[in-house]
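Number of protein chains: 2
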Amino acid sequence: MSASRSADGVVDGANLRRPTLTQVAAMAGVSLKTASRALNDEPNVAEATGRRVREAADVLGYRLNGIARELRRGATSALVGLISGDLTNPFYSAVASGIERELRQHGLQLVTANNDEDAELERALVDAFLERRVRALLVVPSGVRHEYLAVESNHGVPFVFLDRPPDGPTADAVLIDNIGGARAAGEHLLRGGHRRIALITDLARMAPQRGRHDGFVQAMAAGGNEEWRPYLRTDVHDVRRAEETVRELLALDPAPTALFTTNNRLTTGALRALRGHPGNPALIGFDDFDLADVIGTTVVAHDPVAMGREAARLAYERISGFAGPARTVTIGTTLIPRGSGERPPA
Amino acid sequence: MSASRSADGVVDGANLRRPTLTQVAAMAGVSLKTASRALNDEPNVAEATGRRVREAADVLGYRLNGIARELRRGATSALVGLISGDLTNPFYSAVASGIERELRQHGLQLVTANNDEDAELERALVDAFLERRVRALLVVPSGVRHEYLAVESNHGVPFVFLDRPPDGPTADAVLIDNIGGARAAGEHLLRGGHRRIALITDLARMAPQRGRHDGFVQAMAAGGNEEWRPYLRTDVHDVRRAEETVRELLALDPAPTALFTTNNRLTTGALRALRGHPGNPALIGFDDFDLADVIGTTVVAHDPVAMGREAARLAYERISGFAGPARTVTIGTTLIPRGSGERPPA
DNA sequence: GCAAAGTATGACATCGATGTCGGCGGCATC
DNA sequence: GATGCCGCCGACATCGATGTCATACTTTGC
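Residue numbers (this note's numbering), protein chains in the order written: chain L, -11 to 334; chain H, -11 to 334.
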């Protein structure tokens, strides 16, 4: 990876002042207000006057100042904020994409920020967004508590939580059916004859991880299986650790005959560890991913784009004045068998 | 995928008016200006006065109105716009991530919009962003011409182009070494003994695709190979078409012994077509992707996060007043052999 | 032909912050 | 004890648009 530079042509980066409506009005020989009317297609502007104003605007390269307009119109922007994890994680980018598409239909713009999974930073970002007067704030919370969004201190800016439930019952949320999805995975493996099943989860402080853990445990309990317990590995947070963890698991004697990884990062790590490994245990991953069909990985799939869409919809309804009780939308999951989850125990 | 709703608790969505600085000042018993000074940590505020103001702000839940501040401070926001394709494409989301990280260091926020690969929409988005007074605009252009960003009409708002060069020599750009990368891929296959190599490209109207085409052709010419010509397939734009195209190619007699796909979408399609296919031709894809190591796909890799970072850096320098000639940063490529590109001709 | 209604326009206040400038009291200086 | 400086504070203009209201001039109605 190298970076070189070449130069050609000239860019005028000077901060030329953009022309204001006053200047357009002056050039057209009308008052400020008339110019405003003309450019906003308001009634009561003579045909000829309107043309003169538009010409002047054109010549000057006038562009309305949205900041001034927003101030006058009520000091609230056409922006909706999203605070989430890093966009290189396809889960977050899919969510962002769903949000963006939905917002666009209502003339709203998405502003994104990365919380780096840090509660402190997240809090600062919320403040910054509120100062910028976003119309709504969508948050995939990094961590534990987030009382900071007590409604009373946010003066009516609607919050929507994604993937992790809000602390209190005071905000809308879009959640995944983590328990159901994980239970289905557990049942699927049990049906396949597995007993020694390794459960590998991410940080337990994240609510979705707890849900996936619990769902899996429910399935084991219902199936009367206890042999999974020695193979539980929690708080595995990155791909490399996941790979190592799976390697260690496979080195045990007896080794687990199946793995359940509770998010896409962990699944990636597991796939790396499994590559060329003789044992070839069964594997189910939570979160669908690109090329899972090619690799043949059985997953618990859900629709992150739909999550984003639903969240944006909830937010938009609030923006539009809906004042009812907090709502929770649950996104369902589907187990997609692709081979890896159907391998029999060795 | 199902969505259900449950309700609990109450959200007050009413549009409570946020308190203004004037109200804070009144409560603290000082003038507007003094309150402003206190909250901005300006000098010449008595200790006790400052405390009273901060307390009042706290009690009222005051939050500065960024819109008003920006208007007063110069009618330009702390936003930088990004117009690109859909974020579900990992290339775009990686670029966005790189941009976001870099901007954050300078207190700038990223606003994203999807051009849907439509030039008309793209143009409208540029206008909308300019109205919103973004400090800079980063664009991964959808299509062909984009004279619209003639600098003079943008009054000093810096533009940076990513992945596709600007029309004129008047804007900064961050490009990939498409020609070099594609040539390397071609040479690699030739060295492997391949002659009947299929080149599968996306829409020819996209400059990067033309570069990758040309680089490949250069390699073939240099190697004195002409046998690739019957296997050229261009303007393949989505995964499904790519899959079909590859299937058709493999059904030819004689079939190609190797494939070169010029972006991640096409590579995905090819992998789907190849799954379980007996012939098992060699494959090199342009763009690295998640799990390529697991699948064993040889790729021409580059660093989209670095692209974003560099673009944001160029933009920031302009924002900071740099007024020199237009610059182009080229991101290098690396051929990563992982097996698929090293399979010998059948 | 005259009142009523309607059209085209402009003067001025306003949104919520910051910048400029000037006033007032206290304290050091000579 | 007059002068000057400095710390603290407030009145007012300002950023660039939109909303309100007044006004001059037309048109309509009878």
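From the three backbone atoms N, C-alpha and C, an ideal C-beta is built for every residue, glycine too. All values reported here derive from a predicted model rather than from experimental measurement.
Where does residue 66 of chain H sit, in a helix, a strand or coil, going by DSSP? Taking the second sequence and counting its residues from 1, one reaches residue 66 of chain H at position 78. Reduced to three states, the DSSP call for residue 66 of chain H is coil.
Is it a yes or a no for the region 300 to 311 of chain L touching the region 145 to 161 of chain L, going by three-plus beta-carbon pairs under 8 Å? Inter-segment contact for the region 300 to 311 of chain L and the region 145 to 161 of chain L is present: three or more beta-carbon pairs are separated by less than 8 Å.
So, is residue 321 of chain L buried or exposed, given that buried needs 16 or more other C-beta atoms within 10 angstroms? What you label residue 321 of chain L is simply residue 333 of the first sequence in a count that begins at 1. Flag for residue 321 of chain L reads buried.
Distance between beta carbons of residue 154 of chain L and residue 195 of chain L, contact taken as under 8 Å: As a working mapping, residue 195 of chain L is identified with position 207 in the first sequence. As a working mapping, residue 154 of chain L is identified with position 166 in the first sequence. Taking 8 Å as the upper bound for CB-CB distance, residue 195 of chain L and residue 154 of chain L are not in contact here, some 10 Å apart.
So, is the C-beta of residue 54 of chain H closer than 7 Å to a C-beta in chain L? Sequence index remark: in the second sequence, residue 54 of chain H carries index 66 (1-based). Taking Cβ atoms only, chain L reaches closer than 7 Å to residue 54 of chain H, which makes this a yes.
Closer than 7 Å, Cβ to Cβ, to anything on chain H: give me those residues from the region 73 to 84 of chain L, in chain order. Hits within the stretch, in order: 74, 75, 76, 78, 81, 82 and 84.
Mind listing, in chain order, the continuous beta strand (DSSP E) runs of no fewer than 3 residues lying wholly within the region 133 to 191 of chain H? The beta strand (DSSP E) runs of length 3 or more contained entirely in the region 133 to 191 of chain H are, from start to end of the chain, 147 to 150, 160 to 164 and 185 to 188.
Could you check whether the region 17 to 25 of chain H touches the region 22 to 36 of chain L, counting it as contact only if at least three pairs of C-beta atoms, one from each stretch, sit closer than 8 Å? Touching, no, given that fewer than three Cβ pairs across the two stretches are closer than 8 Å.
Is residue 100 of chain H close to chain L, meaning its C-beta is less than 7 Å from at least one C-beta of that chain? Translated into the one-based positions of the second sequence, residue 100 of chain H becomes position 112. Chain L contact via Cβ: present.
Between H/300, H/329 and H/285, which lies nearest to residue 292 of chain H when the distance is taken from Cα to Cα? Within the second sequence, numbered from 1, the residue matching residue 292 of chain H stands at position 304. Nearest option by C-alpha distance: H/300.
Which whole-angstrom value describes the C-beta separation of residue 323 of chain L and residue 173 of chain L, a residue pair presumed to lie in contact below a C-beta threshold of 8 Å? In the first sequence, residue 323 of chain L corresponds to position 335, counting from 1. In the first sequence, residue 173 of chain L corresponds to position 185, counting from 1. Residue 323 of chain L to residue 173 of chain L, Cβ: 6 Å. Contact.
Excluding the 5 residues flanking residue 101 of chain L on each side, which residues of the same chain have their C-beta closer than 6 Å to its C-beta? For the purposes of this step, residue 101 of chain L is taken as residue 113 along the first sequence, with counting starting at 1. Setting aside the 5 residues that flank it on each side, residue 101 of chain L is surrounded in the same chain by 71 and 113, each with a C-beta closer than 6 Å to its C-beta; the list follows chain order.
Round the Cβ separation of residue 80 of chain H and residue 128 of chain H to the nearest angstrom and send it over; I've been treating them as touching at under 8 Å. Along the second sequence, one-based indexing puts residue 80 of chain H at 92. Along the second sequence, one-based indexing puts residue 128 of chain H at 140. Indeed, because the Cβ distance is near 7 Å, the residues count as touching under 8 Å.
Can you name the residues that DSSP bridges to residue 272 of chain H? On the second sequence, position 284 is the one that residue 272 of chain H refers to. Paired residues: H/248 and H/286.
For residue 206 of chain L, decide whether its Cβ has a neighbour in chain H, counting only Cβ atoms nearer than 7 Å. Residue 206 of chain L sits at position 218 when you count from the first residue of the first sequence. Interface flag for residue 206 of chain L against chain H is unset, since no Cβ pair is found closer than 7 Å.
So, is the C-beta of residue 93 of chain L closer than 7 Å to a C-beta in chain H? On the first sequence, residue 93 of chain L is found 105 positions in, with the first residue counted as 1. With respect to chain H, the C-beta atom of residue 93 of chain L has no partner C-beta closer than 7 Å.
Is any beta-carbon of chain L found at less than 7 Å from that of residue 48 of chain H? Within the second sequence, the letter at position 60 stands for residue 48 of chain H. By this cut-off, residue 48 of chain H is not an interface position.
For residue 118 of chain L, decide whether its Cβ has a neighbour in chain H, counting only Cβ atoms nearer than 7 Å. Indexing the first sequence from 1 puts residue 118 of chain L at position 130. Taking Cβ atoms only, chain H reaches closer than 7 Å to residue 118 of chain L, which makes this a yes.
Check the Cβ of residue 224 of chain H against every Cβ in chain L and list those closer than 7 Å, keeping chain order. Here residue 224 of chain H is taken as the residue at index 236 of the second sequence, counted from 1. Annotation: residue 224 of chain H has no Cβ neighbours in chain L at a cutoff of 7 Å; minimum Cβ distance is about 18 Å.
Across the region 279 to 286 of chain H and the region 220 to 237 of chain H, are there enough close Cβ pairs to call them in contact, namely three or more that are closer than 8 Å? The region 220 to 237 of chain H and the region 279 to 286 of chain H do not touch, with fewer than three beta-carbon pairs separated by less than 8 Å.
Can you find at least 3 beta carbon pairs, one from the region 255 to 271 of chain L and one from the region 44 to 57 of chain L, that sit closer than 8 Å? With contact defined as three or more Cβ pairs closer than 8 Å, the region 255 to 271 of chain L and the region 44 to 57 of chain L are not in contact.
Does any residue of chain L have a CB that is nearer than 7 Å to the CB of residue 279 of chain H? Here residue 279 of chain H corresponds to residue number 291 of the second sequence, with the count starting at 1. Yes, residue 279 of chain H lies at the interface with chain L (some Cβ there is under 7 Å from its Cβ).
Quick one: which chain L residues come within Cβ less than 9 Å of residue 353 of chain H? In the structure as shown, chain H begins at -11 and stops at 334. Residue 353 of chain H is therefore absent and cannot be evaluated.
Assign residue 240 of chain L to one of two classes, buried (16 or more other C-beta atoms within 10 Å of its C-beta) or exposed (fewer than that). As a working note, residue 240 of chain L is residue 252 in the first sequence. It is exposed - the Cβ of residue 240 of chain L has fewer than 16 other Cβ atoms within 10 Å.
Given a cut-off of 7 Å on the beta-carbon distance, is the pair residue 334 of chain H and residue 245 of chain H in contact? What you label residue 334 of chain H is simply residue 346 of the second sequence in a count that begins at 1. What you label residue 245 of chain H is simply residue 257 of the second sequence in a count that begins at 1. Yes. Within cutoff.
Name the chain L residues whose beta carbon is nearer than 7 Å to that of residue 59 of chain H? Within the second sequence, numbered from 1, the residue matching residue 59 of chain H stands at position 71. Neighbours of residue 59 of chain H on chain L, chain order: 55, 56 and 59.
Cβ of residue 99 of chain L within 7 Å of Cβ of residue 97 of chain H? Locating residue 99 of chain L in the first sequence gives position 111, counting from the first residue. Locating residue 97 of chain H in the second sequence gives position 109, counting from the first residue. Contact flag set, yes.
If residue 41 of chain H and residue 16 of chain H are in contact, beta carbons under 8 Å, what's the gap, nearest whole angstrom? Translated into positions along the second sequence, residue 41 of chain H becomes position 53. Translated into positions along the second sequence, residue 16 of chain H becomes position 28. The beta-carbon distance between residue 41 of chain H and residue 16 of chain H, rounded to whole angstroms, is 4 Å. This is short enough to meet the 8 Å contact definition.
Counting only beta-carbon separations shorter than 7 Å, does residue 41 of chain L have a partner in chain H? In the first sequence, the residue the question calls residue 41 of chain L occupies position 53. No, residue 41 of chain L does not count as interfacial toward chain H.
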